[in-house]
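Numbering (my numbering), first residue to last: 2 to 474. Every residue gets a Cβ at the ideal spot worked out from N, C-alpha and C, and that includes glycine. Computed from a predicted model, the values in this text were never measured in an experiment.
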């Protein structure tokens, strides 16, 4: 567009020069005719004046291209650089007079150029540039001053003043990222101010948690408020200390009240708050001491209850718990010893009762009687032992009696009871045997011998056995 205008101006200038040249030639011709006609007159004025005028015109012609080029260069700079900046500065909103002057100056420059008045065109375009730079400098100054004021008022939480000045800055630089960002921060202040008022009231009421929560909300809106960050950190530490002290105090109070489980809870909560505080060690020491004492007390109590229930296995386990926490506890040591004694007697007595036919053997019977003697004292504090000893005594008495055993044969077979004695060749005979296992043997010439395993029951009053050798060899 600019090149087109300049080309049109150049064409008009060329036509004008042609007209001037033709007119100039005509003028010269007329002058020659006049000189010829007046050759007889004596002129005292110098004749070199026309020559001097011609040289000046020739000099102007030589510089014209330079002037035109300089004009074009400045015009190009104005169109491409200065005018867009001028438009961005929104000059029409804050200095309409300057805008009018600049527009008029631009029109004059273009008119001079189109009329081939290049010197004046250059002067006007230079003046246009100077005025534009001056107004741009003014806009930058306005922007800087209002940004500084907006920032200052924002730091002081003065919403209205900060908003006013940032809007002034945006008038001269509506696309400034810096100003737009500042404007956003100022708009956040509108939501922050009520929270600041509430936080101030909470601080006056010494409500640390409420103030902490409000400052957290403030920082969620604007995370770069240094003062709020510092206050939040301080409040966090104060709340932390307060919570820690409360748990420690409650922990010691619960120990005095023998509420060990609650004391342990307060210790654990205090440890979560600050695991490095020295108070924790003292509280933990007392908690452990009380827990230990409680374990001993509970285990001893459970051992006593188990004894009353004749549950010596449980009593043994609880006495062992007491000894684990209190190795020198004499009661627990004696209790564990007695529990082991009772359990050992119960096991021995149970074996005799479960397998009563073992009592038929003299060695076993002797050992059983010895066990009864050992259990005599234990039966006074264990009704289970007492019951077992009574059962065993009855079994021993039963196995000591003789049971009539009728032996029947064919009066041809020779009969004997191994380990007891001979019966002989009989058809029927009754002998006396204690309850237990016996081997009856029958022999007869020409016939295979026969062995018969017999269990004489301890709970019967008589028994019969039949043995005959009737299988030929």
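Asked                                                                                                        : Found
Whole-angstrom distance between residue 354 and residue 411, CA atom to CA atom                              : 39 Å
For residue 313, the nearest candidate out of 294, 143, 338 (CA to CA)                                       : 338
Alpha-carbon spacing of residue 73 relative to residue 167, whole angstroms                                  : 38 Å
Proximity winner among 99, 129, 325, relative to residue 75 (alpha-carbon distances)                         : 129
Proximal residues to residue 439 (C-beta, below 6 Å), its chain only, five neighbours per side dropped       : 418, 455
Reduced DSSP secondary structure (H/G/I, E/B, other) of residue 325                                          : helix
Given 8 Å, three or more beta-carbon pairs between the segment 290-306 and the segment 328-343               : yes
DSSP three-state assignment for residue 433, whether helix, strand or coil                                   : strand
Per DSSP, cross-strand counterpart(s) of residue 442                                                         : 417, 452
Alpha-carbon to alpha-carbon, residue 208 and residue 254                                                    : 25 Å
Per-residue DSSP class, three states only, for residue 471                                                   : coil
Selection from 461, 180, 157 that minimises the alpha carbon distance to residue 197                         : 157
Coil, strand or helix - residue 465 by DSSP                                                                  : strand
Ranges of the alpha helix (DSSP H) found wholly within the segment 336-386, counting only runs of at least 4 : 363-379
Cβ contact (3+ pairs, closer than 8 Å) linking the segment 419-433 and the segment 368-382                   : no
Alpha-carbon spacing of residue 437 relative to residue 466, whole angstroms                                 : 14 Å
Identity of the residue in 236, 184, 311 nearest residue 388 by Cα                                           : 311
Stretch-stretch touch, CB-based, cutoff 8 Å, three pairs: the segment 141-158 with the segment 179-187       : yes
Per DSSP, cross-strand counterpart(s) of residue 457                                                         : 437
Cβ distance (whole Å) where residue 361 is taken to contact residue 400 below 8 Å                            : 6 Å
Residue 408 (DSSP reduced to helix, strand or coil)                                                          : strand
Limits of the beta strand (DSSP E) - the one that residue 422 falls within                                   : 422-426
Neighbour-count burial assignment, residue 195, 16 or more Cβ in a 10 Å radius                               : exposed
Local Cβ density within 10 Å of residue 336, reported as buried at 16 or more and exposed below that         : buried
Euclidean distance between Cα positions of residue 342 and residue 324                                       : 17 Å
Residue interval of the alpha helix (DSSP H) (run including residue 263)                                     : 261-274
Cα-Cα separation between residue 407 and residue 464, rounded to whole angstroms                             : 6 Å
DSSP-derived helix/strand/coil call for residue 116                                                          : coil
Supposed close pair residue 155, residue 186 - CB separation, criterion 8 Å                                  : 6 Å
Assigned exposure category for residue 357 - 16 Cβ within 10 Å defines buried                                : buried
C-alpha distance - residue 1 paired with residue 392, whole-angstrom precision                               : In this structure the chain extends from 2 to 474, so residue 1 is not present and cannot be described.
The alpha helix (DSSP H) enclosing residue 83, as first and last residue numbers                             : First-last for residue 83: undefined, no H or E at that position.
Where the alpha helix (DSSP H) through residue 204 begins and ends                                           : 178-205
Helix, strand or coil at residue 64 [DSSP, three-state]                                                      : helix
Contact check, residue 223 vs residue 173, beta carbons under 7 Å                                            : no
Simplified DSSP assignment, three categories, for residue 310                                                : coil
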